[in-house]
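Residue numbers (our numbering): 12 to 387.
C-beta: ideal position from N, C-alpha, C; glycine also.
Below is one structure, written out as structure tokens; comments come after it.
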Amino acid sequence: MNVLISVGGRFHAIELATNLYRRGMLARIITTKSWYCKDVLPKDYYRALPLPEVVGMIVRKIAPLRKRGYYSFVKDNLFDAAARKYIISCDIFHAWGNYALASIPIARSYHARVVIERGSTHPLYQDRILQDECERFNVAMERAHPRIIEKGLQEIEDADAVIIPSDFVYRSFAEMGTDMEKLHVVPYGVDLQSFSPAKKPDKVFRVLFIGNIGIQKGIHYLLEAWKQLNFKNAELRLVGRIERGMEPVLAGYRGLFSHRPYVPHDRIQREFHRASVFVLPSLQEGSALVTYEAMACGLPSIVSENTGSVLRDGQDGFIIPIRDVEALKEKLSYLYENPDAGKEMGKSAEQYVRQFTWERYTDGVVAVYENVLERG
């Protein structure tokens, strides 16, 4: 069996490609982020297509185009059009969602089976919940272009199998009437060499959020909960890019949090080591990698039921409803008042997440490949 991966970005495709190469199963990976491949793959096994990423970033800086969702429309379609020229003979064509519709017929011409990876909820579910939230708070959101949504839906229809990361995502697809026989839940992994526990350097109760600071992540609910709690010797630490349109929302909480717009991934572990608890109250996620990383660093977490987290409620932290300020206040107060209980939850999380390696993820993906090949 040989596998061709096509992905207009990084995601976790590099981990998959590396593991497939070690198993003698990789035909090629086509990606815009080839510099991640250089240290782990021979040059013949990856094809670099950086231009779509560059053009996409230019489009993102043009306000009228950004507001209409042309960033992903341009970037994703440019990559797809370019990638189709570099598809070679393979048994499995494994592509990330929104990057593959033009490439699928080429892969089919080699009699390949098509596997689409969707890292988030069903496209229509995602668009609906985010549009509703933006209307609630009068925030202008960078919505996906309607034709990109249509493209994603057609890819799902054309695929032999669709890999998704969590039961929450599975339910969103079920709600939208997807052919459920196509769906395969394969949880993500974490690099345990890069993320591990360490002693916290101070006694500040530090709540950590990592991710784009925008409506999707539910950051406005965390800010409101934090404002009402007014803890002593405590800090709310936000790490991530502030999305356009969020400035008016954040203005109401000025002075209540510290912010760092960017931390290189190889330094994120330091943020976890300084934290007491990790919080991610998202309205929708596939299965946020940052939750695995927080667990691996021995942190208790408070996550919404829509994060697709592998966290066990009450053991490794807490799972709460979306849009629930009172639940956030309750769980934060518990961890603030019971630091020893938080440490025990963090230890439990660290031990539990050890099983979620990228090797295990690859095993699950290969099982999907074998399934579609057996079905013929």
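Whole angstroms are fine: how far does the CA of residue j sit from the CA of residue i?
{"i": "GLU355", "j": "ALA28", "result": "36 Å"}
{"i": "GLY266", "j": "GLY319", "result": "31 Å"}
{"i": "LYS243", "j": "SER287", "result": "14 Å"}
{"i": "ARG283", "j": "ILE330", "result": "The amino acid occupying residue 283 in the given sequence is Phe; Arg does not appear at that position. Roughly 19 Å between the two C-alpha positions."}
{"i": "VAL336", "j": "ALA92", "result": "45 Å"}
{"i": "GLN280", "j": "GLU246", "result": "18 Å"}
{"i": "VAL395", "j": "VAL379", "result": "Here the chain has residues from 12 to 387 only, and residue 395 is not among them."}
{"i": "HIS156", "j": "CYS145", "result": "16 Å"}
{"i": "ARG147", "j": "VAL51", "result": "46 Å"}
{"i": "VAL150", "j": "GLY35", "result": "48 Å"}
{"i": "SER100", "j": "ILE117", "result": "10 Å"}
{"i": "LYS193", "j": "ASP169", "result": "10 Å"}
{"i": "GLU385", "j": "VAL126", "result": "14 Å"}
{"i": "LYS214", "j": "ARG285", "result": "9 Å"}
{"i": "LEU343", "j": "ARG139", "result": "29 Å"}
{"i": "ARG124", "j": "GLU254", "result": "38 Å"}
{"i": "ALA111", "j": "ARG39", "result": "15 Å"}
{"i": "ASP102", "j": "SER17", "result": "14 Å"}
{"i": "MET12", "j": "GLU381", "result": "9 Å"}
{"i": "LEU339", "j": "SER315", "result": "9 Å"}
{"i": "ALA59", "j": "VAL70", "result": "21 Å"}
{"i": "ALA352", "j": "LEU346", "result": "7 Å"}
{"i": "TYR56", "j": "GLY357", "result": "39 Å"}
{"i": "SER269", "j": "LEU249", "result": "6 Å"}
{"i": "PRO275", "j": "GLN239", "result": "32 Å"}
Going by CA-CA distance only, name the one from the options that's closest to residue i.
{"i": "PRO208", "options": "GLN362, GLY108, PRO332, GLU341", "result": "GLN362"}
{"i": "ASN317", "options": "MET306, LYS49, VAL290, TYR97", "result": "VAL290"}
{"i": "LEU300", "options": "PHE220, LYS49, LEU112, ASP138", "result": "PHE220"}
{"i": "LEU164", "options": "PRO259, TYR380, ASN109, GLY35", "result": "ASN109"}
{"i": "LEU62", "options": "GLY188, ALA38, ALA94, ILE115", "result": "ALA94"}
{"i": "HIS105", "options": "THR42, LEU339, VAL364", "result": "THR42"}
{"i": "VAL260", "options": "VAL250, LEU234, ARG248", "result": "LEU234"}
{"i": "GLY256", "options": "GLY357, ALA123, ILE226", "result": "ILE226"}
{"i": "ALA307", "options": "ARG365, ASN223, ARG371", "result": "ARG365"}
{"i": "TYR97", "options": "SER114, GLY222, ASP87", "result": "SER114"}
{"i": "VAL383", "options": "HIS122, PHE90, LEU112", "result": "HIS122"}
{"i": "ASP190", "options": "ASP171, ASP202, GLN204", "result": "ASP171"}
{"i": "LEU310", "options": "PRO350, ARG278, HIS276, TYR273", "result": "PRO350"}
{"i": "SER205", "options": "ARG278, CYS48, ILE25, TYR372", "result": "ARG278"}
CB-CB under 7 Å to residue i, same chain, minus the five flanking residues each way: which ones, in chain order?
{"i": "ARG158", "result": "PHE84"}
{"i": "VAL376", "result": "LEU27, ILE174, VAL197"}
{"i": "PHE216", "result": "PHE242, ASN244, ALA245, SER287, TYR347"}
Which term fits residue i, buried or exposed, when burial requires 16 or more other beta carbons within 10 angstroms of its beta carbon?
{"i": "ILE73", "result": "exposed"}
{"i": "GLU166", "result": "buried"}
{"i": "GLU348", "result": "exposed"}
{"i": "ALA305", "result": "buried"}
{"i": "ASP143", "result": "exposed"}
{"i": "HIS231", "result": "buried"}
{"i": "SER312", "result": "buried"}
{"i": "TYR82", "result": "buried"}
{"i": "GLY263", "result": "exposed"}
{"i": "TRP107", "result": "buried"}
{"i": "ASP87", "result": "buried"}
{"i": "TYR303", "result": "buried"}
Tell me where the beta strand (DSSP E) around residue i begins and ends.
{"i": "SER315", "result": "312-315"}
{"i": "TYR57", "result": "57-59"}
{"i": "TRP107", "result": "103-107"}
{"i": "ARG39", "result": "37-42"}
{"i": "ARG248", "result": "245-250"}
{"i": "LEU291", "result": "288-291"}
{"i": "PHE216", "result": "216-221"}
{"i": "ILE16", "result": "14-18"}
{"i": "ILE174", "result": "172-175"}
{"i": "VAL260", "result": "Element bounds for VAL260: not the beta strand (DSSP E) but the alpha helix (DSSP H), 258-262."}
Could you spell out where the alpha helix (DSSP H) holding residue i opens and where it closes?
{"i": "GLU128", "result": "Per DSSP, GLU128 belongs to no alpha helix (DSSP H); it is in the beta strand (DSSP E), 124-128."}
{"i": "ASP236", "result": "As written in the sequence, residue 236 is Ala, which differs from the Asp given in the question. Looking at the DSSP string, the run of the alpha helix (DSSP H) that includes ALA236 is 230-240."}
{"i": "ILE117", "result": "115-120"}
{"i": "HIS284", "result": "279-284"}
{"i": "ARG323", "result": "First-last for ARG323: undefined, no H or E at that position."}
{"i": "ALA155", "result": "First-last for ALA155: undefined, no H or E at that position."}
{"i": "PHE184", "result": "178-186"}
{"i": "ARG271", "result": "Note, ARG271: premise wrong, no alpha helix (DSSP H); beta strand (DSSP E) at 269-271."}
{"i": "VAL65", "result": "62-71"}
Tell me which same chain residues have a C-beta within less than 8 Å of the C-beta of residue i, skipping the five on either side of it?
{"i": "SER183", "result": "THR132, HIS133, TYR136, GLN137, GLN295"}
{"i": "VAL180", "result": "ARG129, SER131, THR132, HIS133, VAL196, GLY297, SER298, GLY319"}
{"i": "PRO176", "result": "GLY130, VAL196, VAL197, PRO198, TYR199, GLY297, SER298, GLY319"}
{"i": "ASP178", "result": "VAL196, GLY319"}
Sorted by chain position, which residues of the same chain lie with C-beta nearer than 6 Å to residue i's C-beta, five sequence neighbours on each side aside?
{"i": "LEU31", "result": "VAL14, LEU37"}
{"i": "THR368", "result": "GLY200"}
{"i": "GLU64", "result": "THR43"}
{"i": "PRO292", "result": "GLY229, TYR232, LEU233, SER315"}
Under a CB-based cut-off of 8 Å, is residue i close to chain C?
{"i": "GLY319", "result": "Note that chain C does not occur in the displayed structure, where there is just one protein chain."}
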